[in-house]
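Here the sequence shown stands for residues 527 to 637, where the numbers follow the working numbering.
Encoded as structure tokens, the structure appears first; notes follow it.
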Amino acid sequence: MRKNAIVAGIGFDGREKIIRVHCREGTKVILKRDPTNKYDENAIKVYLKTNVLFGLLGTKLKQIGFIKANTAKSLAKKMDDGILLSASVDTYWAPSEKEHPRVTIEVTDEI
Numbered sequence: 527m528r529k530n531a532i533v534a535g536i537g538f539d540g541r542e543k544i545i546r547v548h549c550r551e552g553t554k555v556i557l558k559r560d561p562t563n564k565y566d567e568n569a570i571k572v573y574l575k576t577n578v579l580f581g582l583l584g585t586k587l588k589q590i591g592f593i594k595a596n597t598a599k600s601l602a603k604k605m606d607d608g609i610l611l612s613a614s615v616d617t618y619w620a621p622s623e624k625e626h627p628r629v630t631i632e633v634t635d636e637i
């Protein structure tokens, strides 16, 4: 299975800055279920792994948003059924004159 997904919620908590600094096409992202999310029980958080002090102190996960709800529903079911998913940045658009960047990811089964 291969599926493209839009990353939503980019305009919150300084996520746009994280995206502008660390996000590139092909960058691996981490997906984590958020079943207690008060807005969407199928919510899936999207994280980028970033270096701490140029990598000298390891890495840290920083959230860049959520998979858009209409796609999250089918992916959440797979994750809840124990299917491992991997994802990477498919497209990235962040012109300086726009406040919020746009990111889409490609999600695949690891089976």
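We treat Cβ as the ideally placed atom computed from N, Cα and C, and that holds for glycine.
Cβ atoms of Leu-601 and Val-633 come within 8 Å of each other, at about 6 Å. For the set Asn-563, Asn-568, Ala-613, the Cα lying nearest the Cα of Asp-607 is the one of Asn-568. From the listed residues Leu-557, Asn-577, Leu-579, the smallest Cα separation to Ile-570 is found for Leu-557. Of the residues Ile-545, Ile-532, Asn-530, the one whose Cα lies closest to the Cα of Pro-627 is Ile-545. Contact check for Ile-593 and Leu-574: beta-carbon distance about 14 Å, past the 8 Å limit, so the pair fails to qualify. Spatial neighbours of His-548 in its own chain (CB-CB distance under 8 Å, excluding positions within 5 residues in sequence) are listed in chain order as Leu-574, Thr-576, Lys-588.
DSSP places Leu-601 in the uninterrupted alpha helix (DSSP H) bounded by 595-606. Collapsing the DSSP output to three states places Val-572 in a strand.
Rounded to whole angstroms, the gap between the alpha carbons of Ala-613 and Ile-631 is 6 Å.
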